[in-house]
């Protein structure tokens, strides 16, 4: 059986959600563990994950290596891969990149909407590209095996990251701007460069990234995927649903505003539509991966194409991304049961 | 070949010292990575170790599991095991115990001379035993696989820790007080209880723990070991040399004073003898493990007894101590080279 992967979620994690992952046949979920949290705060989030892993060890398993994914699938559990959506957890310290790897982090965004120490976010007016520290961090992420994610970055920074990285990079959750011209969606130029360098594009189910928002149809979504496959090839496409199940509006406020503004930033929302938008009826939770399969079949993808887009392409990317090329691996084996 | 282990050092690490470990045939060294450092500061020390592991990958290897020790020995390198001498790195957060395990920490002292959040140190007037949080932390250390070290603790706290812990505990670096009545040395009652629970006692070469200090002879030291073996059995004895090579006096000041006092505390030293004392001539660095072998032979230990005391007993203890009994291991495999 092919692997089924959702390469971005940030839900209010609970047993019902983990059960939905199992019911939806999800073998791997990339879970965001931090937005604007500093290092210590991110570690506290991992402490909470440690409790989740213990309490729900029949449904989920922490995963840091390619081998872990096979182990999880074999034991009927969903592998959870950690990622951060901003580089705030590494603070101003490139040495923390290796520490994050040891702690299980496998994706990190270089920016989140705003200028960071590393690159420019997609909401800034001027995109100055990858910074001096950004180059150091890209090189260190390449070395230890943390994948670079440019979903919330602006164009120049994204194109430079693709070029500078010695490993393929990812845009884990966004859609093409030719289909829906949201600020977070990506140009054809970026899609092409990403694929030309072996990178991965994860389609988002977050309504603000969808044509017609919450009213977008399954057919519209899958037709857009088919169009993107024609442009750059189906082997570079996957899903990064951006599911944020059961999160209170305070969480979307934290994502958008962190501690950086005294005004309220509504991100892709607006004052009258500030909270989490409603998911489309055909993609409300992990169980709806079955609908994506139906939709992709309907627009003409082969069985192999569907398997690739719903997981196998991400598996190839994981294989390329997570092994360390450091002289000594920074991750330690924890136990010897 | 039997394993050679030094179960406590805190040197100013450098390539010459790692080379001395190899020349002395040391297969494993337990290295202190923090005293009064808080969590973030301890992580910074690990960042510095990450650079050491990369720069000297031909001489040393980070180790977190029993299997790692065999791998290090086979590849002609010294395995480095992390430990902290105070519980300051876990701050007031029991969840950090599992995080420390993930980061490679395998020993933690519950106290260092003073009262801690967990237990009472050997310099306090009143020993109130293991605290409420101390019981939680012991249980969590047992669960994830971090060994409890009571070298700098007072009597009641030590005896209670031995009883409360479901795994054997260690006194990694001290000597018996019947031989040298230093405040840091341990009573026969403690030695007997430690051994009765399968624990380990590491003999210290730090001059303030030695009879006649820096002038102590090899024969005096080894005769004391023989006497201790008669009392509690040679299978519970090892070496925890407390070597602090090339450290400036500012470091001994940090060990003793941290940030807790405005007066100067001289610990086992005194105002006139505040710095690091001179090592005895027969134990100046890692190469002098050969002298210990000669001395132990001379006082009548069998070849097997010598092998046990110089490493094999610690290996047994590691095997009992470092595996996780958590439902999911908190340590992650780092790479998949």
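Residue numbers (our numbering), protein chains in the order written: chain A, 1349 to 1685; chain B, 1349 to 1685. In this text, a Cβ means the ideal position worked out from N, Cα and C, and glycines have one as well. Just so it is clear, the structure is predicted and the values come from calculations on it, not from any experiment.
Boundaries of the alpha helix (DSSP H) around residue 1445 of chain A: 1443-1450. In the three-state DSSP reduction, residue 1521 of chain A falls in the strand class (E or B). For a Cβ distance threshold of 7 Å, residue set 1387 and 1388 of chain A lies close to residue 1388 of chain B, ordered along the chain. Separation of residue 1438 of chain B and residue 1601 of chain B (C-alpha to C-alpha, rounded to the nearest whole angstrom) is 22 Å.
For residue 1457 of chain A, DSSP records a beta bridge to A/1497. Beta-bridge analysis with DSSP links residue 1354 of chain A to A/1377. For residue 1376 of chain B, no Cβ of chain A is located within less than 7 Å of the residue's own Cβ.
For residue 1456 of chain A, the closest of A/1477, A/1429 and A/1497 by C-alpha to C-alpha distance is A/1497.
One finds nothing in chain B with a Cβ atom closer than 7 Å to the Cβ of residue 1576 of chain A; even the nearest lies about 30 Å away.
Residue B/1377 holds the alpha-carbon nearest to the alpha-carbon of residue 1421 of chain B among B/1464, B/1399 and B/1377.
In this structure, residue 1552 of chain A places its C-beta atom within 7 Å of the C-beta atom of residue 1588 of chain A.
Near chain B, meaning a CB-to-CB distance below 9 Å, the residues of the stretch 1651-1670 of chain A are 1667 and 1670. Out of A/1591, A/1670 and A/1573, the CA that lies nearest to the CA of residue 1627 of chain A is found in A/1591. Its chain contains 1462, 1463 and 1502 as the residues whose beta carbon lies nearer than 7 Å to that of residue 1472 of chain A, once the 5 sequence neighbours on both sides are disregarded; these appear in chain order. In the structure shown, residue 1653 of chain A adopts helical secondary structure according to DSSP, grouped into three states. For residue 1390 of chain B, no beta strand (DSSP E) encloses it; the enclosing alpha helix (DSSP H) starts and ends at 1387-1403. Boundaries of the alpha helix (DSSP H) around residue 1492 of chain A: 1480-1492. With contacts defined by Cβ atoms closer than 7 Å, residue 1374 of chain A and residue 1639 of chain A do not form a contacting pair. The count of Cβ pairs closer than 8 Å, one atom from the stretch 1424-1442 of chain A and one from the stretch 1403-1416 of chain A, reaches three, so the stretches are in contact. The three-state secondary structure of residue 1547 of chain A, taken from DSSP, is coil.
In this structure, residue 1585 of chain B and residue 1577 of chain B form a Cβ contact; the two beta carbons are roughly 6 Å apart against a cut-off of 8 Å. Here residue 1560 of chain A is exposed: its Cβ has fewer than 16 other Cβ atoms, across all protein chains shown, within 10 Å. Taking a beta-carbon distance threshold of 7 Å, residue 1598 of chain A does not count as an interface residue toward chain B. The C-beta of residue 1398 of chain A comes closer than 7 Å to at least one C-beta of chain B. With the criterion set as a beta carbon lying under 9 Å from some beta carbon of chain A, the stretch 1461-1485 of chain B has no members that meet it. Collapsing the DSSP output to three states places residue 1631 of chain A in coil. Neighbours of residue 1380 of chain B in chain A, taken as residues whose beta carbon is under 7 Å from its own, are absent, since the nearest beta carbon is some 17 Å off. For residue 1443 of chain B, the neighbours in chain A by C-beta distance under 9 Å run, in chain order, 1391, 1392, 1394, 1395, 1396, 1398 and 1399. Rounded to whole angstroms, the separation of the alpha carbons of residue 1440 of chain B and residue 1545 of chain A is 46 Å. Interface with chain B (7 Å Cβ-Cβ cutoff): residue 1447 of chain A is included.
Taking residue 1396 of chain A as reference, the option from B/1361, B/1442 and B/1353 with the minimal CA-CA separation is B/1442.
Where residue 1585 of chain B is concerned, the enclosing beta strand (DSSP E) starts and stops at 1585-1587. In the DSSP annotation of this structure, the continuous segment of the alpha helix (DSSP H) that includes residue 1572 of chain A starts and ends at 1566-1580. Residue 1411 of chain B is a Cβ neighbour of residue 1429 of chain B, given a cutoff of 7 Å. Any Cβ of chain A closer than 7 Å to the Cβ of residue 1432 of chain B would place that residue at the interface, and such an atom is absent. For residue 1599 of chain A, the secondary structure class from DSSP, reduced to helix, strand or coil, is helix.
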